[in-house]
Amino acid sequence: MKKAATLLTLSLLLFSACNSNKDKELLESANAKANAKNYSEALKDYQKIIDDYSSSDNAAESYFAIAAMYHMYQIPNISNEESLKKAIGYYHKLYEEFPKNEKSSKALFMAAFIEANELKKIDDARKSYETFLKEYPNHELASQAKIELGNLGKTPEEILQNRTASK
75 MKKAATLLTL SLLLFSACNS NKDKELLESA NAKANAKNYS EALKDYQKII DDYSSSDNAA
135 ESYFAIAAMY HMYQIPNISN EESLKKAIGY YHKLYEEFPK NEKSSKALFM AAFIEANELK
195 KIDDARKSYE TFLKEYPNHE LASQAKIELG NLGKTPEEIL QNRTASK
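The sequence shown finishes on residue 241 if you use this note's numbering, and the numbering steps up by one all the way, no holes.
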């Protein structure tokens with residue numbers, strides 16, 4: 075019985091190690107495809123990592139990479155607005171699924187930035203920036219998040235006017 079338990083444990087460790095290598099190889103493949111500007115194929119590989127290795131750090135990397143591709147309009151056959159909405163969705167999913175991952179803070183900030191500056195979804199942006207500041211008060215982007223919060227809903231002229239008035 076003890077041998078069976080040991081054998082089972084070793085088998086699970088070996089299986090886990092193999093899966094770890096597979097998702098790493100898949101990530102390398104996806105990155106190579108993205109670097110070669112083959113974004114549709116890269117998207118498939120990144121999504122496979124998310125689907126098949128959802129608890130892996132490589133899944134977090136994949137969420138960020140997919141969000142960035144959508145944010146940069148690199149996925150064909152989709153409107154710019156829909157692309158930005160998908161970027162926000164992937165950035166938020168990264169934050170929700172991997173809150174301690176080093177890219178989660180940047181993902182949440184980027185989601186807020188897109189909501190505020192590109193889609194003009196002021197209430198959503200406010201919520202995202204406030205969550206960012208609550209969760210990451212000492213982050214290098216915290217001061218920028220505070221500035222963005224203060225400028226939500228303002229026109230560029232109003233922002234410039236406020237800056238000149240405060241000098």
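Even for Gly, the Cβ is constructed at its ideal location relative to N, Cα and C.
Legend entry - Beta-carbon proximity list for L158, same chain, < 8 angstroms, skipping 5 on both sides: Along the sequence shown, read from residue 1 onward, the residue named residue 158 stands at position 84. Only Y144, H145, I188, E192, L193 meet the Cβ criterion.
Inset, instruction - Pull up the distance between the alpha-carbon of F138 and that of A181, whole angstroms please. - result: Sequence index remark: in the sequence shown, residue 138 carries index 64 (1-based). Sequence index remark: in the sequence shown, residue 181 carries index 107 (1-based). One C-alpha to the other measures close to 7 angstroms.
Inset, instruction - Taking only the alpha-carbon atoms, compute the straight-line gap between L117 and I162 and give it to the nearest angstrom. - result: As a position in the sequence shown, residue 117 is number 43, starting the count at 1. As a position in the sequence shown, residue 162 is number 88, starting the count at 1. Spanning the two alpha carbons is a distance of roughly 16 angstroms.
Legend entry - Beta-carbon proximity list for L226, same chain, < 7 angstroms, skipping 5 on both sides: On the sequence shown, residue 226 is found 152 positions in, with the first residue counted as 1. Closer than 7 angstroms at Cβ, skipping near neighbours: A190, I196, A199, R200.
Legend entry - Length of the line joining the Cα atoms of N109 and P150: Along the sequence shown, one-based indexing puts residue 109 at 35. Along the sequence shown, one-based indexing puts residue 150 at 76. In a straight line, the C-alpha of N109 is about 16 angstroms away from that of P150.
Inset, instruction - Find out if the Cβ-Cβ distance for the pair S179, E209 is shorter than 9 angstroms. - result: To locate residue 179, count along the sequence shown from 1; it is residue 105. To locate residue 209, count along the sequence shown from 1; it is residue 135. Yes, the Cβ-Cβ distance between S179 and E209 is below 9 angstroms.
Inset, instruction - Go to K118, then tell me how far its alpha helix (DSSP H) extends in each direction, as first and last residue. - result: Within the sequence shown, numbered from 1, the residue matching residue 118 stands at position 44. From DSSP, the alpha helix (DSSP H) with K118 extends over 113 to 126.
Inset, instruction - Pick helix, strand or coil for S136, following the three-state DSSP scheme. - result: Taking the sequence shown and counting its residues from 1, the one referred to as residue 136 is at position 62. Correct three-state label for S136: helix.
Legend entry - Through-space distance from E232 to Q121, alpha-carbon basis: In the sequence shown, counting from the first residue as 1, residue 121 sits at position 47. In the sequence shown, counting from the first residue as 1, residue 232 sits at position 158. Per the coordinates, the alpha-carbon of Q121 lies some 42 angstroms from the alpha-carbon of E232.
Legend entry - Contact test: D119 Cβ vs the ligand ZN heavy atom, cutoff 8 angstroms: The ligand ZN is absent from the structure shown, which contains no ligand whatsoever.
Inset, instruction - Please go through the region 163 to 238 and give each complete alpha helix (DSSP H) segment of 4 or more residues, from N-terminal end onward. - result: Within the region 163 to 238, complete alpha helix (DSSP H) segments of at least 4 residues are found at 178 to 191, 196 to 209, 216 to 225, given in chain order.
Legend entry - Distance CB(F172)-CB(A134) smaller than 9 angstroms: Taking the first residue of the sequence shown as position 1, residue 172 is located at position 98. Taking the first residue of the sequence shown as position 1, residue 134 is located at position 60. Result yes, Cβ atoms of F172 and A134 sit closer than 9 angstroms.
Legend entry - Three-state secondary structure (DSSP) of A110: Numbered from 1 along the sequence shown, position 36 holds the residue referred to as residue 110. In the structure shown, A110 sits in coil (DSSP, three-state: anything other than H, G, I, E or B).
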